[in-house]
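K.L.:
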Amino acid sequence: MQEHDRPPQRRTPAWPAITLACLGLLAIVVTLLPRHRTWLFQRDGNVEQWVLEGLDLSLLNRQGITFRGEAGGTLRSPPLELPASDIRQVKVEIGSTRAMTGAFTWTSTAGGASSSREVMQFPMKQGQNQRFTFAVAEMTTWLEEIQELAFTFPDAAEITVYAVSLVARSPLARLRQLWDAYWTLDEFTPATINLLNGPHLVTNPLDLPSFLDTTKVYRSTSAGLLWYIAIGVVALIGIAVSLTTHLRSPLRTFVLPILTTIAVLWVVADVRMGIELLSYAKTDWKTYVRQPQEQRQFRDRERLYDFAEFAGRILPPGITYNLIVPRSWPYVGIIRYATVPSIPVEVQQPDQAISRYWVFYNIDGVATEGGSLLHRGQVLRSSGTLLGFFANGSLIYRE
Amino acid sequence: MTTALKLLSLGMGMLPLLLEGALLLRLVEGRTALLRRTERLAYGFLISVPLSGFLVFLLGWANMPLTLLSLSLLHFVVLAGLVAATSLLVCTDAPSSTSDFPTQPSSILNAQCSIPRLPSSPHFSRELHILLLLLLLWLGARIAILGFITLSVPTYQDDAFNNWNYRGKVFHALQSLHLADPTDPLFFGGGQLNYPPAVSLLRTWFALVHGSWDDGVVNATAILWFLALLGSVYHLAQRLTESRSMGLLAAYLLGSMPLILIHGTNPFVDLLLAGLLLLAMALWSLHRLSGDRRWIRVLGLSLAALAFTKNEAILLYLPPLLLFIALDALGRRGWKLDRSRIKGVAWVLLPLVAVLLPWLGFRELYGLGASHGGGHLTSAAFSLTDTKQARIVIFGLYYTVFMEANWHLLIPLFLFVVALSWRSLHRSPVFVPLLSIVFSYLLTSSLYFVTDLGKQVVSQTGINRGMLHLIPSIALLTLTLLAPILERAGVLRKGSGIDEGSPTSAPEGSSPI
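So the sequences go chain by chain: A and B.
Per my numbering, the very first residue in the first sequence carries number 14; after that it's consecutive.
Per my numbering, the very first residue in the second sequence carries number 1438; after that it's consecutive.
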C-alpha cells in the first residue's frame, strides 16, 4: 500500500494527559508537605471524644474548646493505642484566664500494666495564648504503647485549648502508620448506604476520622489522593518519553499507560474495599447470625431488633400504644416497623399517655410490682398487667 | 434450611415477574426478534418490577384485596394474556442471509423465527480474559456472601423501615392499599405517601409467597434487580461496543463499585431507578446506532417503568432525557411529521402517559403532594456575596466524587475518555445520554447551591445517591467511548476470538423466552 493510500491516522489529543500530569504534580506537592496529627478544635469544633473531668464545657466553636473548673480538673484524650516509638513530640496550644501551672501526663503499658507518668508542668500566663512542646521521645518513661494523654489544671479558671498535635518521629514511622491507616477498615453504619469513606492517609492512627460523623471525613486525606499522584507520575513519564525519544504517539506514551494505571489502581481499590465489605459481613455473622437469640446484637443497635420483634408478638394487632424510649431515632421507627399494623405514640411524660398499652425499651428504673407500673419507685399506673418482660428497663404493660 | 426456604420464596416470587417482563418485551419486538433471551430476562425484569407494581396499584385502588390468591391470579391472568398475545403474532419475515432457517410463517414464539446474532467481536487477549473472569468471580463471591447476610439480618436502614418496607408490611398486614380514610396513619401504607408504591407492593408480593413477612426475603429483592442490572449492562455494552469482552468489563466495573455493591445488597430503590435510567439511555443510543425502530418500543416501556420508581425520576431525569431525545430526533430529520415519526412518538410517550396520568391523578385526588419536603431557597439564592454555602457545596461535590471510595476511579476515567473523544462526541450514539447525564447532574447540583438541600452535601445523605442514579449510565458511556481507543491501542483485537457462535449454529429451543 502506498503512503497516499493509507487512511488518515486518527490523532489522539495529548492535552488530557498533560492536564493529568499537572494535577498529579500538584497532588505530589500537597502530599509531601509535612504532616502531623493535630486536633484542631478551632476547625473541627468538637471534642472528638476527649473527656472533661471536673470541668464544665462552656464554649465549643471555631475558637477552640473552652471549659471552666471550679477547683481545677483534667482534660483526657480518647482511648489510644499509640506506639510510643512513633511519636517525637506532643504540642499543645492553650490559653487561660488565670495564671497557673498545668501538668501534662500520659498512661502507657510500660511495665506490663497501665501507669501514669507526669512529664512536665507547663506555666500558663494569664490572658495569653501559648504553645508548649513536650519532647516525649527523650523521656525514659515514654515507652511501649501510649493509651491516654491528659492535661491537668489545678486551679479554677476558664481555659481554652486550641490544638493538640502529635509529631511523628521519623519518615519510617510515618510510612508504617500510613500502611496501618490504609488497612483500617470502617464499620457498617447508618451512613454506609450513603457513602463509603474508603482508606485514609494519616501518619498517626489518631488522625483517622470518626466514621460515624461524616462531616469530619472532609478533614483528613483520602487515600484516593494516591491514585492521582500515580496517574500524574505516569503522565509525566509519558511526556518525558515523548519529548526525548522517537515515540511521539500520545496513544502509546500517555493514553495507554494512563489507562493501564487506572486499571491497576481499580483492582487494588477493589481488593481493599472488597475486604472491607466482607468485614461487614463477617461482623454480622459473628455478632448476630450465628449467635443464639438471647445473645445476639445487631451492629450498633444491640438487642433493639429482638425487643421490637418481641413487642410485635406480644401486642395485639392494630392498636395504638405508648412508646417510651431513650430517644426517638432509631427506636421509634424500628419498633413501629416491627409492630405493624399497630402504631406507637412516643411519650415523654405519663400524662401524655394515649393508650392502655405501654412499651418501654431501655428505660432505667422502670419495673412492675404487683400489677403496678413503677418508674424509679414512683407509681405511674396502679393496676394493670405485665404482658411481657424482655430485660431490665424493657417491658410491655397494659393498664 | 431457613435460608433454603427463603431462596425458594425468592425464586417463586421472581418467576412470574421474570416471565412477564420477557414476554412483554417479546411482544413489543414484533414479528422478528430483536433481543436475545438473556437480554429479555435482564431488561424485562427491571421493567416488570415497577410495571407489575403499577398494575397491582391500579387494582388495589379499585379495591382488589392484596392476598396471595388475588395476586397469584393476577399474575396468572397477565401471563396467560401475554402468552396468548405472543402466540397469535406470526413472523413472516425472511430470515437473514446468514441463516438457514426456513421461510414459512411461524409463531414468534417459535425459535425458527430469526434469532438475532450479535456480531463476532473485538476481544481482549486470553490473559486479560482470564484476569477479568477472576475479577468477576471475586465480585460474584462478594455478592453471594453479602446476599447471604442480607437474607439473615433485619432491616437496618431508615428509608427501608420507615418507607419502602414499612408500606409493604402495612399492605401485607391489612391486605389492601387501605384507602378508606385519608386521615388514618396507615392510609396508603403510611410512610412517604407521594412515592410510587411499586417496590413496597413488590415486597408485599414476596412476603405473601413466603407465607409471612420476613425481612431477609423482602430485602433480598434488591439483589434480584441488581443482578438484572449487571446482566443488562453486560448486554448493552456488548451491543454498543460490539464486543463481549467489553460487556464483561462493564459488568465487572459496575458491580465492583463499592456503593453500587452496597445498594445492590441492601433494600433501597435507587439502584432500580439507576438501572431503568441506564436502559432508557442505552435504548435510545441503540436506536441511533442501528436505526431500528423496535428499540423505541422497548424505550417506551422503560420510561413508563422509570416513572413509577421514585419521584426523582419524574422531576430530575425524565424531563432532560425526553428533551434531548426530542432535540436529537428533530435535529436529524427536522420537523417533518410523517407516519413513522408519529408512531415513534406514540411508542415513547403513550406508555409513559398511561402510567403518569393515573399515578399523578391519584396523588392529586388525595392531596399527597409532589415531594417529601426540602428544596426551599436559602439566603444564598438571593445574594452574590454570601458564598459560604457555595464553598461548602463545591468542596463537598469535589470530595464525594473524587476522593471517596464510592465509585473507585470511574469519574476520572469518564472525564479522561470524554476528553480524548471530544472531537467525535457529537457523532457518537451515546451523545444524547451524555448530554442528559450532564444536564441532570447540573440540575441536581444547582439545588445544593441555592436551597436547604445543601445540607445534604455536609451530611452526605442525598448527594451520593443522586450520583448513584447516574453511575450505571456513566459506566456504559465510558466503556462505549473507550472501546475504539482500546481498539486503536491493540488492547481490543479484531478476529474470531470468543464470539456468540457461528451463523450456522443450530437454532435454540422453542421456548418463547
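The beta-carbon is built from N, C-alpha and C at its ideal position, and this holds for glycine as well.
With GLU1564 (chain B) as the anchor, note down where its beta strand (DSSP E) starts and where it stops.
P.N.:
Indexing the second sequence from 1 puts residue 1564 (chain B) at position 127. First-last for GLU1564 (chain B): 1563-1589, but that is the alpha helix (DSSP H), not the beta strand (DSSP E).
K.L.:
Please report the straight-line C-alpha distance between GLY1448 (chain B) and GLY1458 (chain B), rounded to a whole angstrom.
P.N.:
Against the second sequence, residue 1448 (chain B) aligns to sequence position 11. Against the second sequence, residue 1458 (chain B) aligns to sequence position 21. Approximately 15 Å, taken between the alpha carbons.
K.L.:
Between the beta-carbon of GLY108 (chain A) and the beta-carbon of GLY85 (chain A), is there less than 8 Å?
P.N.:
Residue numbering aside, residue 108 (chain A) sits at position 95 when the first sequence is read from its first letter. Residue numbering aside, residue 85 (chain A) sits at position 72 when the first sequence is read from its first letter. Cβ atoms of GLY108 (chain A) and GLY85 (chain A): not closer than 8 Å.
K.L.:
Is there a Cβ of chain A sitting closer than 8 Å to that of THR1439 (chain B), yes or no?
P.N.:
The residue labelled residue 1439 (chain B) in the question sits at position 2 within the second sequence. By this cut-off, THR1439 (chain B) is not an interface position.
K.L.:
Which chain B residues sit within Cβ distance under 8 Å of PHE311 (chain A)?
P.N.:
The count along the first sequence starts at 1 and reaches residue 311 (chain A) at position 298. The contacting residues are VAL1590, PRO1591, TYR1593.
K.L.:
Using 8 Å as the Cβ pair cut-off and three pairs as the minimum, do the region 1837-1844 of chain B and the region 263-271 of chain A touch?
P.N.:
With a cut-off of 8 Å, the region 263-271 of chain A and the region 1837-1844 of chain B do not count as touching, because too few Cβ pairs lie within range.
K.L.:
At what residues does the alpha helix (DSSP H) containing GLY1684 (chain B) begin and finish?
P.N.:
Counting from 1 along the second sequence, the entry for residue 1684 (chain B) is found at position 247. Taken as a continuous stretch (DSSP letters only), the alpha helix (DSSP H) holding GLY1684 (chain B) covers 1681-1693.
K.L.:
How is the alpha helix (DSSP H) around ILE1900 (chain B) delimited, first residue to last?
P.N.:
Stepping through the second sequence from its first residue, residue 1900 (chain B) is reached at position 463. Counting along the chain, the alpha helix (DSSP H) containing ILE1900 (chain B) begins and ends at 1900-1926.
K.L.:
Closer than 7 Å by C-beta to PHE1876 (chain B): which residues in its own chain qualify, once you throw out the five before and the five after it? Chain order, please.
P.N.:
Indexing the second sequence from 1 puts residue 1876 (chain B) at position 439. Cβ neighbours of PHE1876 (chain B) beyond the five flanking positions: PRO1757.
K.L.:
Could you check what DSSP says for THR333 (chain A) in three-state terms: helix, strand or coil?
P.N.:
Taking the first sequence and counting its residues from 1, the one referred to as residue 333 (chain A) is at position 320. THR333 (chain A): strand per DSSP, three-state reduction.
K.L.:
On a CA-only basis, which of A:GLY287, A:GLY115, A:SER90, A:GLY245 is nearest GLU171 (chain A)? Give me that one, please.
P.N.:
By one-based count along the first sequence, residue 171 (chain A) stands at place 158. Per the Cα distances, A:GLY115.
K.L.:
What residues are listed by DSSP as bridge partners for ASN142 (chain A)?
P.N.:
One-based indexing of the first sequence puts residue 142 (chain A) at position 129. According to DSSP, ASN142 (chain A) bridges with A:GLY108.
K.L.:
Taking DSSP as the reference, what is the three-state secondary structure of GLN391 (chain A)?
P.N.:
As a working note, residue 391 (chain A) is residue 378 in the first sequence. Looking at GLN391 (chain A) - three-state DSSP - the assignment turns out to be strand.
K.L.:
Touch check for the region 1626-1645 of chain B and the region 1742-1756 of chain B: three-plus C-beta pairs under 8 Å?
P.N.:
Judged by Cβ distances under 8 Å, the region 1626-1645 of chain B makes contact with the region 1742-1756 of chain B, as three or more pairs qualify.
K.L.:
Could you tell me the distance, in whole angstroms, from the CA atom of GLN102 (chain A) to the CA atom of SER292 (chain A)?
P.N.:
Counted from its first residue, the first sequence places residue 102 (chain A) at position 89. Counted from its first residue, the first sequence places residue 292 (chain A) at position 279. Going by the C-alpha atoms only, they are around 35 Å apart.
K.L.:
Return the residues of the region 1620-1642 of chain B that lie within a Cβ-Cβ distance of less than 7 Å from chain A, sorted by chain order.
P.N.:
Answer in chain order: PRO1622, LEU1623.
K.L.:
Whole alpha helix (DSSP H) runs in the region 277-340 of chain A with 4 or more residues, listed along the chain?
P.N.:
Listed in chain order, the complete alpha helix (DSSP H) runs (minimum 4 residues) inside the region 277-340 of chain A are 317-327.
K.L.:
Would the beta-carbon of TRP1650 (chain B) fall within 8 Å of that of ALA1644 (chain B)?
P.N.:
Numbered from its first residue, the second sequence carries residue 1650 (chain B) at position 213. Numbered from its first residue, the second sequence carries residue 1644 (chain B) at position 207. Yes, the Cβ-Cβ distance between TRP1650 (chain B) and ALA1644 (chain B) is below 8 Å.
K.L.:
At a Cβ threshold of 8 Å, is LEU191 (chain A) touching chain B?
P.N.:
The sequence position of residue 191 (chain A) within the first sequence is 178, counting from 1. Taking Cβ atoms only, chain B never reaches closer than 8 Å to LEU191 (chain A), which makes this a no.
K.L.:
Beta-carbon within less than 7 Å of GLY1684 (chain B)'s beta-carbon, same chain only, minus the 5 sequence neighbours each way: which residues are those?
P.N.:
Within the second sequence, residue 1684 (chain B) is the residue found at index 247, counting from 1. Excluding residues within five positions, the ones whose Cβ falls inside 7 Å are TYR1671, HIS1672, ALA1674, GLN1675.
K.L.:
At least one CB of chain B closer than 8 Å to the CB of THR197 (chain A): is that the case?
P.N.:
Position 184 of the first sequence holds residue 197 (chain A). It does not: the Cβ of THR197 (chain A) has no partner Cβ on chain B nearer than 8 Å.
K.L.:
Is ALA1578 (chain B) buried or exposed, if buried means 16 or more other CB atoms sit within 10 Å of its CB?
P.N.:
By one-based count along the second sequence, residue 1578 (chain B) stands at place 141. Under this definition ALA1578 (chain B) is an exposed residue.
K.L.:
For PHE320 (chain A), which of A:VAL358, A:VAL302, A:THR352 has the nearest alpha-carbon?
P.N.:
What you label residue 320 (chain A) is simply residue 307 of the first sequence in a count that begins at 1. Residue A:THR352 is the option with its Cα nearest to PHE320 (chain A).
K.L.:
Quick one: complete alpha helix (DSSP H) runs, 4+ long, within the region 1621-1662 of chain B?
P.N.:
Qualifying alpha helix (DSSP H) stretches, in chain order: 1635-1647, 1652-1656.
K.L.:
If distances are taken between C-alpha atoms only, which option among A:ALA380, A:SER395, A:VAL392, A:LEU256 comes closest to GLY401 (chain A)?
P.N.:
Position 388 of the first sequence, counted from the start, is the residue given in the question as residue 401 (chain A). It is A:ALA380 whose Cα lies nearest to the Cα of GLY401 (chain A).
K.L.:
Return the chain-ordered list of same chain residues with a C-beta closer than 7 Å to the C-beta of LEU278 (chain A), the five sequence neighbours on each side being excluded.
P.N.:
Residue numbering aside, residue 278 (chain A) sits at position 265 when the first sequence is read from its first letter. For LEU278 (chain A), where only same-chain residues beyond five positions count, the Cβ hits under 7 Å are TRP240, ALA243.
K.L.:
Exposed or buried, what is ASP283 (chain A) when buried is set at 16 or more other beta-carbons lying within 10 Å of its beta-carbon?
P.N.:
What you label residue 283 (chain A) is simply residue 270 of the first sequence in a count that begins at 1. Buried, because 16 or more other Cβ atoms sit within 10 Å of the Cβ of ASP283 (chain A).
K.L.:
Within 8 Å of any Cβ in chain B, is that where the Cβ of ASN405 (chain A) sits?
P.N.:
To locate residue 405 (chain A), count along the first sequence from 1; it is residue 392. Chain B contact via Cβ: absent.
K.L.:
Return the chain-ordered list of same chain residues with a C-beta closer than 6 Å to the C-beta of PRO1487 (chain B), the five sequence neighbours on each side being excluded.
P.N.:
Start at 1 with the first residue of the second sequence, and residue 1487 (chain B) comes out as number 50. Correct list, in chain order: ALA1635, ALA1742, PHE1745, THR1746.
K.L.:
Give me the chain B residues within the contact set of SER235 (chain A), using Cβ-Cβ distance strictly less than 7 Å, ordered along the chain.
P.N.:
Taking the first sequence and counting its residues from 1, the one referred to as residue 235 (chain A) is at position 222. What SER235 (chain A) touches in chain B: MET1840, GLU1841.
K.L.:
For PRO1795 (chain B), which of B:LEU1454, B:LEU1495, B:THR1837, B:LEU1444 has the nearest alpha-carbon?
P.N.:
Mapped onto the second sequence, residue 1795 (chain B) falls at position 358. With distances taken between Cα atoms, PRO1795 (chain B) lies closest to B:LEU1495.
K.L.:
Taking only the alpha-carbon atoms, compute the straight-line gap between VAL280 (chain A) and VAL1782 (chain B) and give it to the nearest angstrom.
P.N.:
Here residue 280 (chain A) refers to the residue found at position 267 of the first sequence. Here residue 1782 (chain B) refers to the residue found at position 345 of the second sequence. Spanning the two alpha carbons is a distance of roughly 43 Å.
K.L.:
Taking LEU179 (chain A) as the reference, which of A:THR258, A:LEU256, A:PHE147, A:GLN365 has the closest Cα?
P.N.:
Counting from 1 along the first sequence, the entry for residue 179 (chain A) is found at position 166. Ranking A:THR258, A:LEU256, A:PHE147, A:GLN365 by Cα distance to LEU179 (chain A) puts A:PHE147 first.
K.L.:
Measuring CA to CA, which of B:LEU1568, B:VAL1520, B:LEU1639, B:SER1562 is closest to VAL1654 (chain B)?
P.N.:
Translated into the one-based positions of the second sequence, residue 1654 (chain B) becomes position 217. That would be B:LEU1639, whose Cα lies nearest to the Cα of VAL1654 (chain B).
K.L.:
If we require 3 or more residues per run, which beta strand (DSSP E) segments fall completely within the region 162-208 of chain A?
P.N.:
Segments of the beta strand (DSSP E) lying fully in the region 162-208 of chain A: 170-181.
K.L.:
Could you pull the DSSP bridge partners for GLY1490 (chain B) from this structure?
P.N.:
Start at 1 with the first residue of the second sequence, and residue 1490 (chain B) comes out as number 53. Answer is none; GLY1490 (chain B) lacks a bridge partner.
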